[in-house]
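What follows is a set of notes on a single structure, which appears directly below.
2 protein chains.
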Amino acid sequence: MTRTNAKGAPALPLNTILPGDCIEVMNALPEASVDLIFADPPYNLQLKGQLHRPDNSQVDAVDDHWDQFDSFAAYDQFTKDWLKAARRLLKPNGAIWVIGSYHNIFRVGAALQNEGYWILNDVVWRKSNPMPNFRGKRLTNAHETMIWASKSEGAKYTFNYEALKSLNEGIQMRSDWVLPICTGHERLKDENGDKAHPTQKPESLLHRVLVGSTNPGDVVLDPFFGTGTTGAVAKMLGREFIGIEREEAYRKVAEKRISRVRKFDREALQVSAGKRAEPRVPFGQLVERGMLRPGEQLYSMNNRYKAKVRADGTLVGGEVKGSIHQVGAALEGAPSCNGWTYWCFKRDGKVVPIDVLRQQIRSEMRQN
Amino acid sequence: MTRTNAKGAPALPLNTILPGDCIEVMNALPEASVDLIFADPPYNLQLKGQLHRPDNSQVDAVDDHWDQFDSFAAYDQFTKDWLKAARRLLKPNGAIWVIGSYHNIFRVGAALQNEGYWILNDVVWRKSNPMPNFRGKRLTNAHETMIWASKSEGAKYTFNYEALKSLNEGIQMRSDWVLPICTGHERLKDENGDKAHPTQKPESLLHRVLVGSTNPGDVVLDPFFGTGTTGAVAKMLGREFIGIEREEAYRKVAEKRISRVRKFDREALQVSAGKRAEPRVPFGQLVERGMLRPGEQLYSMNNRYKAKVRADGTLVGGEVKGSIHQVGAALEGAPSCNGWTYWCFKRDGKVVPIDVLRQQIRSEMRQN
DNA sequence: TACCGCAGTGAATCATGAG
DNA sequence: GCTCATGATTCACTGCGGT
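Chain order of the listed sequences is A and B. Heads up, the first sequence is in our numbering, so the first residue is 1 and it goes up one at a time. Heads up, the second sequence is in our numbering, so the first residue is 1 and it goes up one at a time.
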């Protein structure tokens, strides 16, 4: 499946795994075409011998302080390069997630900031079943760190607040996520029965990332695709994916894995939406429609203030005139006020919030 | 109290708070004289406007002059300078702890590595009672990150493995620590009754750091002393401290605080930990972890109603959407409903209550 | 005394669409 | 680009005063 964007730019190779070096492959894709990037880059230590210095000379084996510094410099260059290529691919309101451990995450985080990304949260994946520290020389390494960042400061990134709140039993989702590591049937094995990839991430982690920061139909890119957890979960959740992976063995495992995944029901993909998604209803419409009469009294929630409805949908309360929000804020001496939940009217002796009338109009709108 | 080291170098001003800029003060102290450094440097928060809670009260933000930097470059230079001065002071087998948030910790971590420190662990302080995200635009910022590093690779740092294991009910201490923020009587107030310092750290945090990585009699330096949590806990635990603090107001509060501390107070206060309540398991976690599939049917205990699972851990049953509890209550016309015991799923033709899955997760959690 | 409700608060990069 | 009006948004815990 491919797609051409509005400008007729090169088509996007959706739901495929592209072979090759991720920086070169990303640079060949059309800019501003991707909604989310999830990246699990290699650690510093694993790159020894594969890395090149900024001047392209080979990095020697690391056995003293200066080589250590060279290794850091090379890793920084590599990080900067792929983050730059990734940022070019992101739509203006796109975002990125990067996961790492203390070996590399500090360098990655600093590079993200240097490249102009804007950090939204750092998220700790707290492993419920980590590998213990056998030698008792350090603390059990029981977590990894993810960084969530928008393409730039002020961007309107996607955040499904209500959906994550639902996932967390009605309480705001925190920056520390307790999830088990990938084991059992989920852990992919090669033909010898060994684990197919050393750092396969659990699908539960990607589930939370994708539910929280993408919408169905969004394009999700993973430049270090590995065995394709990002692709598998994206497919389940009705998102499009693009994977990039250098190693053929991983690509093959991932292809097979993803082909077996079934997408969830359309209805199951619907997620709790916040009130921000609801259409705006001007207060004046309640008056126009006769739900409230001009001259009718409104009462504040705390019953301390009264105000009178005027024919143009404004209120008069004491000395103050203006919208339901302005009058409420002025009377309470508050910086702002949600008039919809602040004001009530009386019907048959009962006090009813005016928001009930707004809900009525909205439900009529939905039936059209 | 002062002490002269073996080489007859200048005496160390033990158990005092030195005024002035921490870099200059550190450079005037004798090299290789300190066992541990705990540093809580400025975080370089970049706050824009004011933030109000939903009840319209205003959040008292950290906008102090000492936290202002002109640019990342300026912050990096500052970080490099104080880390270099600190490293000179450390004994060869000394170590450092630095605490920060996503605003600064990545830059600090990278600078630590660049200066030749060797990271031993990153440790997450998971706050049991963090400030929520009031606008629903991000995840609750519920943790801070500490980096624990030795002076150099291969150094024989102090690690009291058994002591920390005891603190953790006989289980190996992990890299994530759940501790409450500093409130109540422990939180120091000024003469107006306002908080004396905007970012006072809890003593429980320092207790764990010092028990784990120092021995009695060790010298602990804190270059950003603030109101002296490091000094207070060091004194309780029989460690020597050196504080450096620029602001006179903080120094005065710290002096008074520490003068009241008596060694071993802590021991007397050590009470056996209360029994743990059963951990809360959000229903959404069953979905994330693939124990239930989005789109899957659930059946009510009495087999009268069905509902479908959604990707965010909510249910749809007929016209009703919401949590397992809400949908159950609505369908039964009851004021409330325990969804865990009300809903069942089918596996291999058998009907199983979803509570079985919750028990499964809890038993995994207990095996940590 | 015990219990209950209300007010206060904590390292925060915390809005968005119409005109 | 800009300004302005609309209106969405919180968890855990402490301390105090009233019953």
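The C-beta atom is built at its ideal place from N, Cα and C for all residues, glycine as well.
Just mark residue i as buried or exposed, buried being the case when its beta carbon has 16 or more other beta carbons within 10 Å.
| i | result |
| --- | --- |
| A:S204 | buried |
| B:L47 | exposed |
| B:A329 | buried |
| A:A311 | exposed |
| A:M369 | Because residue 369 of chain A is not part of the residues shown, which for chain A are 1 to 368, the question remains open. |
| B:D70 | exposed |
| A:G100 | buried |
| A:I242 | buried |
| B:K235 | buried |
| A:E240 | buried |
| B:P202 | buried |
| A:R358 | buried |
| B:D302 | One point to set straight first is that residue 302 of chain B is Asn, not Asp, in the sequence displayed. Looking at its Cβ environment, which holds fewer than 16 other Cβ atoms inside 10 Å, B:N302 is exposed. |
| A:E24 | exposed |
| B:S57 | exposed |
| B:K346 | exposed |
What does the alpha-carbon distance come out to for the pair residue i and residue j?
| i | j | result |
| --- | --- | --- |
| A:K80 | A:V108 | 8 Å |
| A:N15 | A:K256 | 13 Å |
| B:V211 | A:E248 | 49 Å |
| A:G274 | A:N160 | 8 Å |
| B:R304 | B:K350 | 17 Å |
| A:P198 | A:P335 | 54 Å |
| A:W66 | A:F106 | Because A:W66 sits at a pLDDT of 49, beneath the cut-off of 50, its placement in the model cannot be relied upon, and the point is left open. |
| A:R138 | B:I181 | 25 Å |
| A:G322 | A:K308 | 11 Å |
| B:A155 | B:I96 | 12 Å |
| A:R289 | A:R362 | 13 Å |
| A:P13 | B:E31 | 59 Å |
| A:A111 | B:N104 | 12 Å |
| B:T183 | B:N129 | 10 Å |
| A:L298 | A:Q367 | 29 Å |
| A:L164 | B:K263 | 46 Å |
| B:C344 | B:G318 | 17 Å |
| B:V59 | B:L45 | 15 Å |
| A:A74 | A:S259 | 37 Å |
| A:L29 | A:D76 | 23 Å |
| A:I324 | B:G136 | 24 Å |
| B:L237 | A:V253 | 54 Å |
| A:E115 | A:L83 | 7 Å |
Which residues does DSSP pair with residue i in a beta bridge?
| i | result |
| --- | --- |
| B:T230 | Looking at the DSSP assignment, B:T230 forms no beta bridge with any residue, so it has no partner. |
| A:F38 | A:W97 |
| B:F384 | Chain B is shown only over 1 to 368; residue 384 of chain B falls outside these bounds and no answer can be derived. |
| B:F241 | B:V220 |
| A:S213 | BP columns for A:S213 are empty, so no partner. |
| A:T145 | A:G100 and A:V124 |
| A:K195 | A:K189 |
| A:R174 | B:T140 |
| B:L205 | Partner(s): none; B:L205 has no beta bridge. |
Using a Cβ cut-off of 9 Å, pull out every chain A residue sitting near residue i, in sequence order please.
| i | result |
| --- | --- |
| B:G136 | F159, Y161, E162, K165, Q172, G274 and R276 |
Quick one: list the residues of chain A neighbouring residue i, beta-carbon separation under 7 Å, in chain order.
| i | result |
| --- | --- |
| B:G313 | S166 and L167 |
| B:H52 | P335 |
| B:L292 | Simply none; closest approach about 10 Å. |
| B:L139 | N121, V123, M173, R174 and S175 |
Taking residue i as the query, report the chain B residues whose CB atoms sit under 9 Å from its CB, ordered along the chain.
| i | result |
| --- | --- |
| A:I119 | Y102, H103 and F106 |
| A:E109 | One point to set straight first is that residue 109 of chain A is Gly, not Glu, in the sequence displayed. Neighbours of A:G109 on chain B, chain order: Y102, I105, F106, R107, G109 and A110. |
Please compile the residues from chain B whose C-beta is within a distance smaller than 8 Å of the C-beta of residue i.
| i | result |
| --- | --- |
| A:Q77 | By Cβ distance, chain B contributes nothing, its closest Cβ being about 13 Å from A:Q77, past 8 Å. |
| A:N133 | Q172 |
| A:P180 | R289 and E364 |
Under 7 Å between beta-carbons, which chain B residues line up against residue i? List them in chain order, please.
| i | result |
| --- | --- |
| A:Q270 | R310 |
| A:E240 | Going along chain B, no residue has its Cβ under 7 Å from A:E240, so there is no contact; the nearest lies around 16 Å. |
Residues of chain A with CB under 8 Å from residue i, in chain order?
| i | result |
| --- | --- |
| B:D176 | V124, R126, A142, H143 and D176 |
| B:G284 | S166, L167, N168 and E169 |
| B:R280 | E169 |
| B:F72 | Q113 and N114 |
| B:S204 | By Cβ distance, chain A contributes nothing, its closest Cβ being about 16 Å from B:S204, past 8 Å. |
Query raised in the report: What are the complete alpha helix (DSSP H) segments, minimum 4 residues, inside the stretch 100-126 of chain B?
Result: With a minimum length of 4 residues, the continuous alpha helix (DSSP H) runs that stay inside the stretch 100-126 of chain B are 105-114.
**Report entry** Segments of 4+ residues assigned as alpha helix (DSSP H) that fall wholly inside the stretch 21-71 of chain B
**Finding:** If we require 4 residues or more, the alpha helix (DSSP H) runs fully inside the stretch 21-71 of chain B come out as 22-27.
Report task. Kindly provide the ranges of any beta strand (DSSP E) runs that are 3 or more residues long and lie completely inside the stretch 292-326 of chain A, ordered along the chain. Result -> Complete beta strand (DSSP E) runs here, min 3: 297-300, 306-309, 315-317 and 320-322.
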